[in-house]
Amino acid sequence: MSMLWLGTRKGLFALRADAQRRSWKLAGPQFLGHIIHHVVQDPRAPRSVLMAAKTGHLGPTVFRSSDRGRTWREAAQPPAFRKAVGGEEARAVERVFWLTPGHASEPGVWYAGSSPAGLFRSEDSGEHWQPVAGFNDHPMRTKWILNGTPDGEFLHSILVDPRDARHLYIGISIGGVFESSDAGSTWAPLNEGVAADFLPDPGVPFGHDPHCIAQHPAKPDRLYQQNHCGIYRLDRPGSRWERIGNAMPKKIGDVGFPIVVHPTDPDTAWVLPMDGQTVWPRTSIGGKPAVYRTRDAGRSWQRLDRGLPAQAWFTVLRQAMCADRNAHPGLYFGTTGGDVWASTNGGDSWRCIARHLPEIYSVSHAA
Amino acid sequence: MTCTVRIASPLHSYTAGASRVDGRGATLAEVLGDLERRFPGIRFRMIDEQDRIRPHMRLFINSSEARDLAAPVRGGDTVHVICALSGG
Numbered sequence: 001m002s003m004l005w006l007g008t009r010k011g012l013f014a015l016r017a018d019a020q021r022r023s024w025k026l027a028g029p030q031f032l033g034h035i036i037h038h039v040v041q042d043p044r045a046p047r048s049v050l051m052a053a054k055t056g057h058l059g060p061t062v063f064r065s066s067d068r069g070r071t072w073r074e075a076a077q078p079p080a081f082r083k084a085v086g087g088e089e090a091r092a093v094e095r096v097f098w099l100t101p102g103h104a105s106e107p108g109v110w111y112a113g114s115s116p117a118g119l120f121r122s123e124d125s126g127e128h129w130q131p132v133a134g135f136n137d138h139p140m141r142t143k144w145i146l147n148g149t150p151d152g153e154f155l156h157s158i159l160v161d162p163r164d165a166r167h168l169y170i171g172i173s174i175g176g177v178f179e180s181s182d183a184g185s186t187w188a189p190l191n192e193g194v195a196a197d198f199l200p201d202p203g204v205p206f207g208h209d210p211h212c213i214a215q216h217p218a219k220p221d222r223l224y225q226q227n228h229c230g231i232y233r234l235d236r237p238g239s240r241w242e243r244i245g246n247a248m249p250k251k252i253g254d255v256g257f258p259i260v261v262h263p264t265d266p267d268t269a270w271v272l273p274m275d276g277q278t279v280w281p282r283t284s285i286g287g288k289p290a291v292y293r294t295r296d297a298g299r300s301w302q303r304l305d306r307g308l309p310a311q312a313w314f315t316v317l318r319q320a321m322c323a324d325r326n327a328h329p330g331l332y333f334g335t336t337g338g339d340v341w342a343s344t345n346g347g348d349s350w351r352c353i354a355r356h357l358p359e360i361y362s363v364s365h366a367a
Numbered sequence: 368m369t370c371t372v373r374i375a376s377p378l379h380s381y382t383a384g385a386s387r388v389d390g391r392g393a394t395l396a397e398v399l400g401d402l403e404r405r406f407p408g409i410r411f412r413m414i415d416e417q418d419r420i421r422p423h424m425r426l427f428i429n430s431s432e433a434r435d436l437a438a439p440v441r442g443g444d445t446v447h448v449i450c451a452l453s454g455g
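So, in C-alpha cells, the structure goes:
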C-alpha cells in the first residue's frame with residue numbers, strides 16, 4: 001500500500017492509497033500546531049518513522065514512532081550542538097530540518113541536518129543524538145558557510161552511499177555540497193562547475209546554494225542537484241558538475257527547490273521550476289505550474305502540466321516532492337498552498353489528491 | 368525549597384496536562400533541572416544547549432522577568448513559564 005507523510009507548518013498529516021493509487025484517504029492532523037519539517041520512514045525497519053518538529057514557542061526536537069506513526073515518543077536527547085567553550089560562537093539548533101536513515105549495514109543509525117547548519121548522528125534509532133564533530137567543529141566551517149542568511153542556513157540532502165556506509169554527501173544552503181569518505185570525520189567541498197551568481201567571485205570553491213541533491217540508488221555514482229543557480233549532474237569519480245539545466249527552455253530557466261530521481265532509471269529525474277527573476281518570487285513561473293522531466297540524464301527536458309491548474313502561484317519546497325518505489329513510480333508534490341498533487345504515469349498527467357491543508361513542508365513516501 | 372511553577376499550555380504534554388506543578392531549587396536553573404527530572408524533555412524545549420532562554424519563552428519569578436538561569440528562587444515563589452509568539 002502506498003502512503004504519504006505530509007509535514008506541514010501546522011501539523012502532521014498522512015494520505016493512504018488503495019492498491020491502484022487512485023483513491024487517497026487523508027488522516028490527521030497529528031501534532032496540530034507543530035511545525036513539521038521532515039518525516040521519514042526507515043527502509044530498514046518499515047514500522048519505524050522519525051519526524052523533525054518544533055512549535056512556534058518551543059525548541060526543536062525529534063519524535064519517533066515504532067508503529068508506523070500510530071503513536072509517537074520524543075527523543076530523549078534531541079540534536080543539539082555541544083556547549084561552547086571560551087569565546088566560541090555559542091550555536092543552538094533552531095530547527096531540525098532534515099532526516100536521513102543510515103546505511104543498510106548500520107541499523108539504528110540516522111543522520112539529522114539542522115539550521116543553523118549542523119550535522120548530527122544517532123546510533124539508537126533516533127533516541128539519542130550526537131553532534132558530528134568532524135563537520136560541526138571543522139576549522140573551515142565558518143568560511144564554508146559564509147555568514148548564512150538571517151533565517152539561518154540549512155543542512156539538508158544528507159546522502160549515504162548505498163555501497164559504503166562511510167561515504168557521505170551533504171548540502172548546505174548556503175555553503176555548498178560537501179563530501180566525506182570517512183563517516184564524517186573529514187569533509188571536502190564538491191562544487192566545481194556550480195554557479196554562484198550571487199557571490200562577488202562566482203568561481204569560489206564553496207559558498208554555493210544547493211537546494212536539493214539526489215543520489216541515484218541504482219547508480220550511486222550519479223548525483224543530481226537542484227541549485228539556486230541551476231540544475232546539475234555529476235558522475236563520479238568526476239568532480240565537475242555539469243549544468244544540465246542549460247537544456248531547459250530559456251523562458252523557464254532552471255531554478256527550483258526539489259529534484260527527484262526515478263527509483264530504477266538513473267537517466268530519469270523530475271524538477272519543478274520556480275520564478276527566480278528579479279526579487280525571486282519563487283512561485284510557479286507566470287502562474288502556470290509545471291513539472292519538467294528528463295529521460296536522458298539532462299540532455300533534454302519535457303514539460304508536464306496536464307491536469308495541473310491553469311493558474312496557481314504556489315511554491316514547492318525542497319522536501320515536498322518525492323517518488324514512490326512502484327514499478328511505475330508514482331510522483332507526488334505538496335504546495336505552500338496546502339494541496340497535494342499526484343501522478344502515476346511518470347508525470348504525464350496530474351491530479352489533486354488533497355486540498356486545503358496547511359503550508360506543506362515535506363512529502364515523503366512510506367511503503 | 369519549594370516553589371510553584373505555572374506551565375504554559377504548549378508544555379502541558381510534558382506535565383500530563385498540569386498547568387501548575389511544584390518545583391524545587393534555589394535558582395531558576397535548579398528549578399528547571401528539577402522539572403527535567405520529573406518531566407523529561409521539558410527543559411530543552413524552553414532552554415537551548417547553551418543555557419539560553421529560547422527566543423519565544425519568557426520566565427518570570429513572581430512578577431519580575433528573569434533573564435538569567437542564575438536568578439534566585441525562594442520558597443513560596445511562583446515561577447511563570449510564558450510563551451511569547453507573534454504572527455499566524
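These protein sequence lines map, in sequence, to chains A and B.
When we follow our numbering, the leftmost residue of the first sequence carries the number 1, and every step to the right adds one.
When we follow our numbering, the leftmost residue of the second sequence carries the number 368, and every step to the right adds one.
We put the CB at the ideal spot given by N, CA and C, even for glycine.
The beta carbon of A/S185 lies closer than 6 Å to those of G134 in the same chain, with the five residues before and after it left out.
Contact check for A/V363 against A/C352 fails: the beta carbons are separated by 8 Å or more.
A/L234 carries a strand assignment under DSSP once its states are collapsed to helix, strand and coil.
Contact annotation for A/P78 against chain B: F411 [CB-CB distance below 7 Å, chain order]. Under the 8 Å criterion on CB atoms, A/K219 is classed as non-interfacial with respect to chain B.
A Cβ of chain A is located within less than 8 Å of the beta carbon of B/D415. If you draw a 10 Å sphere on the C-beta of A/P139, you find fewer than 16 other C-beta atoms in it, and that means exposed. Under the three-state reduction of DSSP output, A/F314 falls in the coil class, being neither helix nor strand. When secondary structure is reduced to three states using DSSP, B/G390 falls in the strand class. Residue contact check for B/C370 against chain A: no CB pair falls below 8 Å.
With respect to the C-alpha of A/P358, the residue from A/G338, A/G230, A/S343 and A/R22 having the closest C-alpha is A/G338.
Counting other Cβ atoms within 10 Å of its Cβ, A/H356 stays below 16 and is therefore classed as exposed. Using beta-carbon distances, A/L12 does not count as an interface residue toward chain B, since no partner is under 8 Å.
For B/G400, not one C-beta of chain A is nearer than 8 Å to its own C-beta. Bridge pairing for A/H365: A/L4 [DSSP]. Chain-ordered, the chain B residues with CB closer than 7 Å to the CB of A/E74 read G408. With contacts defined by Cβ atoms closer than 8 Å, B/T369 and B/A437 do not form a contacting pair.
If you check the CB distance, A/A92 and B/Q417 come in under 8 Å.
Around B/R404, no beta-carbon contact reaches into chain A at under 8 Å, the shortest distance being about 13 Å.
According to the DSSP assignment, B/E432 belongs to no alpha helix (DSSP H) but to the beta strand (DSSP E) extending over S431 to A433. The closest CA to that of B/V388, considering only B/P377, B/T371 and B/A375, is found on B/T371.
The segment 206-226 of chain A makes contact with the segment 152-167 of chain A, as at least three CB pairs between them are under 8 Å. Interface flag for B/P439 against chain A is unset, since no Cβ pair is found closer than 8 Å. Only those residues of the segment 377-399 of chain B whose C-beta falls short of 8 Å from the nearest C-beta of chain A are listed: P377 and L378. Contact check for B/Y381 against B/I409 passes: the beta carbons are separated by less than 8 Å. Proximity of A/G59 to chain B, defined by a Cβ-Cβ separation below 8 Å, is satisfied. Chain-order list of chain A residues neighbouring B/H423: G56 and H57, by C-beta distance under 7 Å. Scanning the segment 85-139 of chain A from its first residue to its last, the whole alpha helix (DSSP H) runs of 4-plus residues come out as 133-136. Chain A has no Cβ within less than 8 Å of the Cβ of B/R434.
For B/D444 and A/V49, the gap between their C-alpha atoms comes out near 42 Å.
In the DSSP assignment, B/V372 falls within the unbroken beta strand (DSSP E) covering T369 to R373. Within chain B, no C-beta atom comes nearer than 8 Å to that of A/F154; the closest sits roughly 18 Å away. In chain order, Q417 make up the part of chain B whose C-beta sits under 7 Å from the C-beta of A/A90. Cα atoms of A/L32 and A/G7: separation of roughly 11 Å, rounded to the nearest angstrom. Between A/A323 and A/L317, the CB-CB gap reaches or exceeds 8 Å.
Shortest Cα-Cα distance from B/D435 to any of B/L452, B/F406, B/V398 and B/A383 involves B/V398.
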